[in-house]
Structures are given as structure tokens and as C-alpha cells.
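Just so we're aligned: 72 in the UniProt record's numbering is position 72 of the sequence shown, and the numbers increase by one with no gaps anywhere.
No residue lacks a Cβ here, since even glycine has one placed at the ideal position from N, Cα and C.
Note sheet for the following structure.
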Amino acid sequence: MEFVSDPPISVKIEKMKQRVRWQDPLIFERQIDQTRFVFASEEDNPEFSFLVVGDSGSGKHRKHNPQRQIAERMLEHCDRSRFILHTGDVVYLVGSSEYYPKNFIEPYKEFIVGGEKPKKVAYDEMIFKTPILPVLGNHDYYDLPLIYGLMGGATLPIRRLLKLRLDLDIGWHGSYQGKAYAKAFIDYLKAIDSDKELQRHLDKHYTATTSTGRCLLYEPGHFTRLPYRYYTFRSGGIDFFALDSNTFNAPAPLPTTGEGKAYRRTLEARIYELEQEKLQIMEEAAKLNHNLPEDAERLDDLEAKLEQTEEIKLDIDKQLAADESTVTDFEQLTWLRQRLIESWNTPEVRGRVIYLHHPPYVTEASKWYQAQTLAVRRNLRWVLDEVAKELGGLPQRPLVDLVLTGHAHCLEHLSTGDTGHADSYINWIVCGGSGYSLRRQRKEGTELKETFGSIEREVARSHLYIGRSGHGSHKRRPYSFLRIDVKAGNPAKFVVKPFVAERYQRDWLEQDIEPFRI
């Protein structure tokens, strides 16, 4: 049985548009840009810092809580940080509103108004003291098959009482196609009943004036909503672009003859192998005793391995289902193309940062070869190639200074070389190790290659990888987040400082990794 279900891309797009009343006549007549916000603070010093976390949203651990460890370390840097970027998967396993209190509000309570009493903070009424600016991860869209939700919710009290061996973070329902995330973070205009109320709301909160029209004013401590599932903002002369990669990660259709047909049979065989692996995981879990510390941590590992196996299977299912009707969100990609061109034609902009969930480049063992990874790479290349074409060729520096992602449960810094496209010579950082189970680096090495005609050549290289390592009692689990310091000057320079809270031999160790400059 499938543990989770992923809504079709067309459904994700349409549902999110409905939730923000996309281009409603009242919004249109006010010339409101629904993909942009402006910070209310007057301070816009070119030197500033921000934090980055990702794949954090699991609150259920036996005897320990990695997400809380990371949140406590983040607090040490809060006063000097202007905002926090979150690269997605805010709540596991299925983005349900049931799990926001335990998997988000409780771990980040110091960042939330009223967080000193976290049980009284409603997930859809959160106001942030320090801006938390997320993008959607795949788990934030996931739902439960109906029968599994009924089984999971009905047996939840029994599972808690009996402390059954494997107990994934699921309850009665899933995200309702991303609804929980939308109500938690996005300005949920659909909930406003009358046109008169909508007018008052727009005139109160959409008061910032920009080159693209009026837009939402983000007021830390008072009104902290995002305008849409993808958006842009400017801080200290840096343009930030937040993307929803869940709607442009669809694999290309497989050829129906020759090598394509053979590859399809390979994928089908792999699905059978994954189902057998899931059974083996459950059999091993049944032999463990959660009261023993070493068994408790092994059960955590097995639950994460089960989720990882399911995710690999979902990726294969998407490949097998892909056909000419498969949707790609070209509306969002075209928006990014246009906004990047505008950014390059704005003299006061000193740099550009993109953040999204799915990494186009990564060496984590289960993600580097996935069809979704390659699809996101292909689509971002198209955007950047189009931008370069409009600008009359590549400038003397990369089109984007930094791309931040999650999805792969690790911390990794990569850079592209000459890819033959406009994504060349860009720095890519995967920040997906902030709370959920960590993953290992692939055995194939740090170089990512592609085949061009009959020639295979390197397109990207990994410079830093922080993820799971070791075995048995020597297993290391280094959870992580980033502080990025933006320096004055044009073009801007970024100093990246990784911070690590490592779980080793049932104890926590703090690590400070050497900063690097990009």
C-alpha cells in the first residue's frame, strides 16, 4: 500500500490560485502584484545576515529531537539575522495541520509571537518575530490515501499506548493538496467572505509601492504572510526569488520503443525490489525493543529508511506515468525569467539568490540520479538560457550568485563548471539536514557528469558534504543550518557559515565548520 499520495501538478497550481483569489477583480483594479512583498522595516543596510534551514519538520523522535537542537542554536544568531529562509518540507510526513503544533510551532516557539505558550498558538494564525520565509516541499503537498488515513487516525491512540515499533508521523489526513501550508504561511484570501472585507484587507496590507505595482507589506510581529506559493523580495540590494519546484519537477516521458521500453521494464522491476525492501524494514523493526536506547535510534533510522524507500518509489511512479499530457508550470518559469531580466536591468541590485526545494545538482545517494532532479535542472537551465539570450549573452559574472535548495537530507556546497548553458559557474547549496533523518553521500564520488553527444564530461563538483556517516555505534548524524553574511559592495560577496549539532553515541556535540566565501 502507498503511504502517501502526491496531487497532480495541475491540481497544485489551481488550488493555490483559488486560495489567494488569484487576479480577483478587486486585486486587479488595484494593480497589485501577488508575487512580491516588501519588508516594513526601514533598515536596508547592504551588510546583513540571514539564516537557512530545510527539511526540518519532524517532531517525533525517540529520546531526542534534532529539530529542537537546531532551533536552539539558531537562537544564538537571531539578533543579527534579518530573516530565515526555509527550503521546504516544513512538516512531515504529509504536511497535515495535525502536526504543525508538534513539528513546527513547538520547535520554533521563540520565533513566534505568543510562542511562550505554544499550545495556544493556532497553526493558521502564526505571526513571526523574525521573518520565516519558506517554500513548499514535496511533503508539504502530500496527502494520505483515504483508507490509510482512516487506519492511521483510528489506531493512533492504540499505537501510542502500545508504542508500536514503526510509527510514522501520520494521523487522520494529509495536507489537503497543500492547504495546511497555505493557511499557515500564505495570505489566505479565500477565507475572506465579502468583497467589502476583501477591499479593507487589501487597503490595509497591500500598501507597498514597487515598480511592478502595489504589493503586500510584511510586518514582523504584526502581519507575516506571504503573497503566493512563489514570490520575490529585495533586501540590502539583493533580489531573492522563492520558487515552488513541485510544479516543474515532472520527468520527461519515456520513449515507448527501443532503449526506452527496456528502461521502463527496469523501473518496473525496481518497484518490486522497493516493495521487498519495505517488508524487510518492517520485519527488522518488529524485532527491536523501543525501550533500549540503541534499538530506539535504530527504529528512528528504519522509519526514515521506509520514508526514503517510498520517496524513491514515487519518483519511479512519476517516470512511468509521464506522457505528453504531463504538466510543467511554465507560468512560474516565465515569471522567473521576466523577474531576473528586470533584476539585471535594475542598477541598484547587487546580487541574486534563488531558493527552492528540489536541488538541480546534488551528490546525496538517493537524489542525484532522480528524474525529478534532472527535470528541475532542465527547467532552470531553460530559464537562465532565456535570460542570457535577452541580455545579449552571459555577463562577466554568473546570472545568479547563489541557489539554495533542500530535499536531499544533508548540507552540501557544489559549483557548476561549463555546463554548456547559462547555469554555468553558479554556487549551489543544499540545506536539507535541519531535523529529519540524514542521508549519505553517493559512493560514485563528488563529480557530477553529463553526456554530450558521445562525450561524458563533468558539469558540477561537490566541495563540502555534511551528512550521515559511519556505522553501528560509530554512526554520526550531523544536523545543520546556515548563516549567510552578505557583504557590502557591488557585486555582493557572501560568507557562508555552516553550524552543526551532531548526534553521536546518544549524545549531542556542537561543531562549527570553517566558513567559505562565494
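- Message: Checking 8 Å against the spacing of the C-beta atoms, do glycine 221 and valine 327 come in under that value?
- Response: Going by C-beta atoms, glycine 221 is not nearer than 8 Å to valine 327.
- Message: Using a 10 Å radius around the Cβ and a threshold of 16 neighbouring Cβ atoms, would you call threonine 410 buried or exposed?
- Response: Note that residue 410 is cysteine in the sequence shown here, rather than threonine. Buried, by the Cβ-count rule.
- Query: Residues in its own chain within less than 8 Å of glutamate 502 by CB, not counting five upstream and five downstream?
  - Reply: Non-local beta-carbon contacts of glutamate 502 in its own chain, meaning distances under 8 Å to residues more than five positions away in sequence, involve Arg476, Arg477, Pro478, Tyr479, Trp508, Leu509, Glu510, Gln511 in chain order.
- Local conformation of cysteine 78 per DSSP, three classes: Here cysteine 78 sits in helix by DSSP.
- Message: I need the boundaries of the beta strand (DSSP E) containing glutamate 510, first residue and last residue.
- Response: 507-512 is the span of the beta strand (DSSP E), which, as asked, contains glutamate 510.
- Since histidine 413 sits in a beta bridge, which residues does DSSP pair it with? Beta-bridge pairing links histidine 413 to Ile429, Leu464.
- Could you name the residues of the same chain whose beta carbon sits closer than 8 Å to that of proline 395, not counting the 5 residues immediately before and after it, in chain order? Excluding sequence neighbours, proline 395 sits near Trp344.
- Query: By Cβ distance below 7 Å, which residues in the same chain neighbour threonine 446 in space, the five residues on each side in sequence not counted?
  - Reply: Taken in chain order, the residues that qualify are Thr363, Arg461, Ser462.
- Query: Per DSSP, serine 480 is paired with what?
  - Reply: Val500.
- Message: With a threshold of 8 Å on Cβ separation, who are the neighbours of glutamine 319 within its own chain once the five nearest residues in sequence on each side are excluded?
- Response: Pro251, Leu254, Leu267, Ala371.
- May I ask you to list the residues that DSSP assigns as paired with tyrosine 218? According to DSSP, tyrosine 218 shares a beta bridge with Phe39.
- Query: For threonine 269, does the count of other Cβ atoms within 10 angstroms reach 16, so buried, or fall short, so exposed?
  - Reply: Correcting the residue identity first, residue 269 is alanine in this sequence and not threonine. With a threshold of 16 other beta carbon atoms within 10 Å, alanine 269 falls short and is exposed.
- Task: Drop a sphere of 10 angstroms on the beta-carbon of tyrosine 272, count the other beta-carbons inside from all chains shown, and report buried for 16 or more, exposed for fewer.
- Result: Exposed, by the Cβ-count rule.
- Task: Could you tell me the boundaries of the beta strand (DSSP E) in which lysine 449 lies?
- Result: Lysine 449 -> beta strand (DSSP E) spans 447-452.
- Task: Answer with yes or no whether the minimum CB distance from histidine 86 to chain B is below 8 Å.
- Result: The structure shown contains no chain B, having only a single protein chain.
- Task: Could you tell me the distance, in whole angstroms, from the CA atom of glycine 213 to the CA atom of glutamine 34?
- Result: Each residue's Cα considered, the two are about 9 Å apart.
- Under 8 Å between the Cβ atoms of leucine 216 and arginine 225? Between leucine 216 and arginine 225, the C-beta gap is smaller than 8 Å, which places the two residues in contact.
- Message: Please identify the residue among Pro25, Lys287, Glu310 whose C-alpha is closest to the C-alpha of leucine 299.
- Response: The candidate whose alpha carbon is nearest that of leucine 299 is Lys287.
- Item | DSSP three-state assignment for glycine 472, whether helix, strand or coil | If DSSP states are grouped into helix, strand and coil, glycine 472 belongs with the helices.
- Message: In the DSSP output, which residue or residues are listed as bridge partners for glutamine 441?
- Response: Partner(s): Glu364.
- Message: Let me check one thing: in DSSP terms, what residues is phenylalanine 233 bridge-paired to?
- Response: Phenylalanine 233 is bridged to Phe240.
- Message: Which residue marks the beginning of the beta strand (DSSP E) containing proline 134, and which one marks its end?
- Response: Where proline 134 is concerned, the enclosing beta strand (DSSP E) stretches over 132-134.
- Query: valine 11 by DSSP, collapsed to three states: which one?
  - Reply: Taken through DSSP and simplified to helix, strand or coil, valine 11 comes out as helix.
- Kindly identify the DSSP beta-bridge partner or partners of arginine 337. Secondary-structure assignment with DSSP links arginine 337 through no beta bridge to anything.
- Query: In the DSSP assignment, what residue or residues form a beta bridge with isoleucine 354?
  - Reply: DSSP lists Phe241, Val403 as partners of isoleucine 354.
- Nearest-angstrom Cβ-Cβ length linking threonine 373 and histidine 358, presumed shorter than 8 Å: Confirmed, about 7 Å.
- With DSSP run on the structure shown, which of helix, strand or coil describes glutamine 34? Look at glutamine 34 here: in three-state DSSP terms it is strand.
- Query: Cα-Cα, which of Tyr108, Ile32, His64 is closest to alanine 296?
  - Reply: Of the candidates Tyr108, Ile32, His64, the one whose C-alpha sits nearest the C-alpha of alanine 296 is His64.
- Query: Thinking just about the alpha-carbon of each residue, which of Ser96, Glu72, Glu110 is nearest to the one in histidine 173?
  - Reply: When C-alpha distances from histidine 173 are compared across Ser96, Glu72, Glu110, the shortest belongs to Ser96.
- Query: Ends of the beta strand (DSSP E) at proline 208?
  - Reply: Looking at the sequence itself, residue 208 is alanine, so the reference to proline does not match. Boundaries of the beta strand (DSSP E) harbouring alanine 208: 208-210, taken from the DSSP string.
- Answer with buried or exposed for histidine 86, where buried requires no fewer than 16 other C-beta atoms within 10 angstroms of its C-beta. With 16 or more other Cβ atoms within 10 Å, it is buried.
- Query: Does the Cβ of tyrosine 263 have 16 or more other Cβ atoms within 10 Å, making it buried, or fewer, making it exposed?
  - Reply: An exposed status is given to tyrosine 263, since fewer than 16 other beta-carbon atoms sit within 10 Å of its beta-carbon.
- Chain-order list of residues whose beta-carbon lies under 8 Å from that of glutamate 456 (same chain, five-residue window excluded): Within the same chain, Cβ atoms closer than 8 Å to the Cβ of glutamate 456 are found at Lys449, Glu450, the five residues on either side in sequence being excluded.
- Query: Exposed or buried, what is proline 398 when buried is set at 16 or more other beta-carbons lying within 10 Å of its beta-carbon?
  - Reply: The residue is buried, with at least 16 neighbouring Cβ atoms inside 10 Å.
- Count the CB pairs spanning the segment 100-111 and the segment 121-137 that are closer than 8 Å, and state whether there are at least three. By the Cβ rule, the segment 100-111 counts as touching the segment 121-137, because three or more pairs are nearer than 8 Å.
- Item | Between the CA atoms of aspartate 301 and methionine 282 - distance to the nearest angstrom | About 12 Å.
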